[in-house]
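Quick note on the working numbering: the sequence shown kicks off at 179 and runs consecutively. Structure first, commentary second.
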Amino acid sequence: MTWFSRSGAARYVLAALALAAAAAAGFGIWLVTGPGPLDFAGGRPVSLAQYKGADPTGVPAELARAGLVARGEYLARAADCRSCHTAKGGEPFAGGLSFPIAVGTIYSPNITPDRQTGIGGWSDAAFLNALHNGIDDQGRRLYPAMPYASYSGMTDADALAIKAYLFSLKPVHNRVPENTLRFPFDRRWLMGLWSYFFNPGERFKPHADRSAEWNRGAYLAENLAHCGECHTPRNIAFALDNRRKFAGETQAGWRAYNISSDKGSGVGAWSDGELERYLASGHAPGRGTASGPMGEAVDYSFSRMAASDIRAIVAYMRSVPAMESGLPSALAGAAPATYRRPPGLNPRGEKLFAGACAGCHDWTGTSPIWSEATLTGARAVNDPSAVNVAQIVIEGARHERPEGTVFMPAFGAAYSDAEIADLANYVTARFGARGSSITARDVAGLRAQASH
Numbered sequence: 179m180t181w182f183s184r185s186g187a188a189r190y191v192l193a194a195l196a197l198a199a200a201a202a203a204g205f206g207i208w209l210v211t212g213p214g215p216l217d218f219a220g221g222r223p224v225s226l227a228q229y230k231g232a233d234p235t236g237v238p239a240e241l242a243r244a245g246l247v248a249r250g251e252y253l254a255r256a257a258d259c260r261s262c263h264t265a266k267g268g269e270p271f272a273g274g275l276s277f278p279i280a281v282g283t284i285y286s287p288n289i290t291p292d293r294q295t296g297i298g299g300w301s302d303a304a305f306l307n308a309l310h311n312g313i314d315d316q317g318r319r320l321y322p323a324m325p326y327a328s329y330s331g332m333t334d335a336d337a338l339a340i341k342a343y344l345f346s347l348k349p350v351h352n353r354v355p356e357n358t359l360r361f362p363f364d365r366r367w368l369m370g371l372w373s374y375f376f377n378p379g380e381r382f383k384p385h386a387d388r389s390a391e392w393n394r395g396a397y398l399a400e401n402l403a404h405c406g407e408c409h410t411p412r413n414i415a416f417a418l419d420n421r422r423k424f425a426g427e428t429q430a431g432w433r434a435y436n437i438s439s440d441k442g443s444g445v446g447a448w449s450d451g452e453l454e455r456y457l458a459s460g461h462a463p464g465r466g467t468a469s470g471p472m473g474e475a476v477d478y479s480f481s482r483m484a485a486s487d488i489r490a491i492v493a494y495m496r497s498v499p500a501m502e503s504g505l506p507s508a509l510a511g512a513a514p515a516t517y518r519r520p521p522g523l524n525p526r527g528e529k530l531f532a533g534a535c536a537g538c539h540d541w542t543g544t545s546p547i548w549s550e551a552t553l554t555g556a557r558a559v560n561d562p563s564a565v566n567v568a569q570i571v572i573e574g575a576r577h578e579r580p581e582g583t584v585f586m587p588a589f590g591a592a593y594s595d596a597e598i599a600d601l602a603n604y605v606t607a608r609f610g611a612r613g614s615s616i617t618a619r620d621v622a623g624l625r626a627q628a629s630h
């Protein structure tokens, strides 16, 4: 009887292990067979050679007759190369910007034409291999902090135009630090497995049943501007989860908000004009001002793009299915000029706001000085996590915009983590739909995630 009991127990254990293995295999298949970035559109993708409309790749009509370097400059801006390949206070494109992640720190490489520390010795084939396949000129795998899974859709002609522009720049001799990743993430060959499953390795295919403007917007948003790399949530393998396309994600310690067509937590309620103005200038009245990584994307990329390309991106964004992301759907309006503090609320946040913030932002949240400082309607102050409010207090902002300089001083060195938490919680409680409860420990974590 004992033998049968043990045998039966063993069979149950084996059956349970088999079920667990099958479940794990099923999850793995589900994970790696997720939709591509354009699968939501359905229709009929065709090769560029088969497409009958205007070529959606390359530069806008205004630059059609420009030389190779000028076209490459435009495309490099559209691809936002400068933001990631320029350290704070460093030479443009000379690399060294740090990307702190949970398993260590990655540093962006020098992409100036310096032959010792940059890409001056790279062939056309090596450059294409890096952009499309995530492999450098030495055959080493790149980490997906470099968005080659998005750049893989870029045409060879556009990629080589960017190379021509980069090679026209002044060489900067700058040897960047080595990555400091913990084992096993320091094994670059593992990125080969990641690429096998998550890098499509295909050039952009326009949709024959969509307009030329939509296809142009898709090429720009998905491949050059790589919007999904920040705004689409990631799965456990750090690949884009296009089942939740554009639903928002946290990157480099900042919230990249929902930009799907959801009217509550996304941008579905924004007018085309508001979206176009936000991308082109970094500010839309009543909607907020771009800061952090999005602010840099406006500075170095969107604000320098043709109006027709901005319109195309907006047309494409409008077609992305609505994804609800849990943020308050109703945004708070202007706060009263006088304020009665709720019982038990720490008064330090109010004192800090009075001393450092009220002069520009006003007690109502509607700035009397300049519209970019208006808090009313901004997603950040209506975000109960208060992540971006805390980050803008820590890092400040200085952005060169078409309408002038956007400037906010950084208070990270002047205020403690606890003070910044109190200030962020006060701002969201006074000017947002729902107050936050961010802690000093949370603020310390945000500081650690900031690139520099």
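C-beta: ideal position from N, C-alpha, C; glycine also.
Here Ser469 is buried: its Cβ has 16 or more other Cβ atoms, across all protein chains shown, within 10 Å. Only residues of its own chain outside the window of five on either side were considered, and among them Ala462 have a CB closer than 6 Å to the CB of Arg455, listed in chain order. Between the alpha carbons of Gly221 and Gly231 lies a gap of roughly 15 Å. Classified as buried, Val559 has 16 or more neighbouring CB atoms from the shown chains inside 10 Å of its CB. In the DSSP assignment, the residues bridged to Thr428 are Arg433.
Rounded to the nearest angstrom, the Cβ distance from Ala568 to Ile598 is 6 Å, consistent with a contact under 8 Å.
Taking a C-beta distance under 7 Å as the contact criterion, Thr283 and Thr358 qualify as a contact pair. In terms of Cα proximity to Asp419, the closest of Gly610, Phe218 and Asn311 is Phe218. A Cβ-Cβ distance of about 10 Å is found for the pair Gly250 and Ala335, leaving them out of contact under the 8 Å criterion. Nearest to Gly442 by alpha-carbon distance, out of Ala425, Glu452, Ala430 and Gly451, is Ala425.
Annotation note: the stretch 216 to 257 contains the following uninterrupted alpha helix (DSSP H) runs of length 4 or greater, listed N- to C-terminal: 246 to 256.
Under the three-state reduction of DSSP, Ile289 is assigned to coil, being neither helix nor strand.
Around Ala628, the same chain offers Gly431 as residues with beta carbons nearer than 6 Å, after the five sequence neighbours per side are excluded.
In this structure, DSSP gives Ser261 a helical state, which the three-state scheme calls helix. Judged by DSSP secondary structure, Ser459 falls within the alpha helix (DSSP H) whose first and last residues are Asp450 to Ser459. DSSP places Phe305 in the helix class (H, G or I) of the three-state scheme.
Rounded to whole angstroms, the separation of the alpha carbons of Thr583 and Lys423 is 32 Å. Between Gly312 and Tyr326, the C-beta gap is smaller than 7 Å, which places the two residues in contact. Under the 8 Å Cβ criterion, the stretch 379 to 394 does not count as touching the stretch 297 to 308, having fewer than three qualifying pairs. Under DSSP, the beta-bridge partners assigned to Glu578 are Thr583.
At the C-beta level, Ser438 and Ala500 come within 7 Å of one another. The DSSP-derived three-state label of Ile488 is helix. Spatial neighbours of Cys259 in its own chain (CB-CB distance under 8 Å, excluding positions within 5 residues in sequence) are listed in chain order as Phe271, Ile289, Ile340 and Leu344.
At a Cβ-Cβ threshold of 7 Å, Ala512 and Thr467 do not count as neighbours.
Classified as buried, Leu347 has 16 or more neighbouring CB atoms from the shown chains inside 10 Å of its CB.
Between the C-alpha atoms of Ile616 and Ala564 there is a straight-line separation of about 7 Å. The C-beta distance from Phe363 to Ala417 rounds to 15 Å, too long to meet the 8 Å contact threshold.
Less than 7 Å separates the beta-carbon of Ala510 from that of Gly610. With at least 16 other beta carbons inside 10 angstroms of its own, Ala342 counts as buried.
Note on geometry: alpha-carbon atoms of Val350 and Arg576 lie some 25 Å from one another.
Per DSSP, the unbroken beta strand (DSSP E) holding Ser276 starts and ends at Ser276 to Ile279.
Per DSSP, the beta-bridge partners of Leu418 are Arg412.
Setting aside the 5 residues that flank it on each side, Pro506 is surrounded in the same chain by Asn560, Ala611 and Arg612, each with a C-beta closer than 6 Å to its C-beta; the list follows chain order.
Taken through DSSP and simplified to helix, strand or coil, Ile297 comes out as coil. The beta-carbon separation of Thr606 and Ser614, rounded to 4 Å, stays under the 8 Å limit for a contact. Taking all protein chains in view, the Cβ of Glu240 is surrounded by fewer than 16 other Cβ atoms within 10 Å, so the residue is classified as exposed.
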